[in-house]
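Trainee: Under our numbering, the first residue of the sequence shown carries the number 258, and numbering increases by one thereafter. Using N, Cα and C, we set each Cβ at its ideal position, and we do this for glycine too. Remember, predicted model here, so these are calculated numbers, not experimental data. One structure is given below, represented as structure tokens, and several questions about it will come after.
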Amino acid sequence: MSDEELQAWVEEISLNSFQVPFKHRATFNRRLSTTGGRYFMKSHNIEINPHQLEVYGREEVEKIIKHELCHYHLHLAGRGYRHRDSDFKRLLQAVGGSRFCKAIVKPKNKQRKPEPYRYLLRCVDCGTEYKRKRKMDPTRYRCGRCGGRLLLRSLD
């Protein structure tokens, strides 16, 4: 599905479900990974995660579009458009939008590898060791066990 087809689809859903036209841009954003879509308050544009369409189909994406249109129409009307607002919750339930999108599970080979520990902090007094992934200034911290001074050593 192209951005033009998405734009027409969002305009259609807006008219059918909200009886108000959608006058801004709706586009796909492939970089979205943890969310189904988002609404921009400054530009009033909507972005949709195309992975949701590929994995779950049109029905789920329609619920996501309705969710984002709830933000859109309530914000432009000056009413409560945030997730916690009762106006938002009522409108979302009335139009049949989804509160949360379904998670997209990445294949094993696509997941990020855990960063290895690269530094070791050792207490001078009690010998307690603390592994760290990022470099830090040991003079700003003390041992959590005895309050002793810490020394930093690289594990590379």
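My output table needs one value for F357: the three-state DSSP class, helix, strand or coil.
Mentor: By 1-based counting over the sequence shown, the position of residue 357 is 100. Three-state result, F357: coil.
Trainee: Looking only at its own chain, which residues have a Cβ that is under 7 Å from the Cβ of R336, when we skip the five neighbours before and after it?
Mentor: Counting from one through the sequence shown, the residue named residue 336 turns up at place 79. Excluding the 5 residues flanking it on each side, R336 has same chain C-beta neighbours closer than 7 Å at D344, in chain order.
Trainee: For R379, which residues in the same chain have their Cβ closer than 6 Å to its Cβ, ignoring the five residues on either side in sequence?
Mentor: For the purposes of this step, residue 379 is taken as residue 122 along the sequence shown, with counting starting at 1. These residues qualify, in order along the chain: E386, L408.
Trainee: I'd like the list of long-range same chain contacts for I322, defined as Cβ closer than 6 Å, with 5 residues on each side in sequence excluded.
Mentor: Position 65 of the sequence shown, counting from 1, holds the residue named residue 322. Same-chain partners within the cutoff: V267, I270.
Trainee: Please name the residue, chosen from E319, L326, P307, that lies closest to P278 on a Cα-to-Cα basis.
Mentor: Looking up residue 278 in the sequence shown gives position 21. With distances taken between Cα atoms, P278 lies closest to L326.
Trainee: List the whole-angstrom C-beta distance separating T292 from C400, where the pair is believed to meet the contact cut-off of C-beta under 8 Å.
Mentor: Looking up residue 292 in the sequence shown gives position 35. Looking up residue 400 in the sequence shown gives position 143. Not quite, the Cβ-Cβ distance comes to about 41 Å (not below 8 Å), so this is no contact.
Trainee: Just tell me which of E317, H330, L272 has its CA closest to the CA of M298.
Mentor: Along the sequence shown, read from residue 1 onward, the residue named residue 298 stands at position 41. Ranking E317, H330, L272 by Cα distance to M298 puts H330 first.
Trainee: Have a look at Y374, E261, N302 and flag the residue whose alpha-carbon is nearest the alpha-carbon of L333.
Mentor: Position 76 of the sequence shown, counted from the start, is the residue given in the question as residue 333. When only C-alpha atoms are compared, the closest one is N302.
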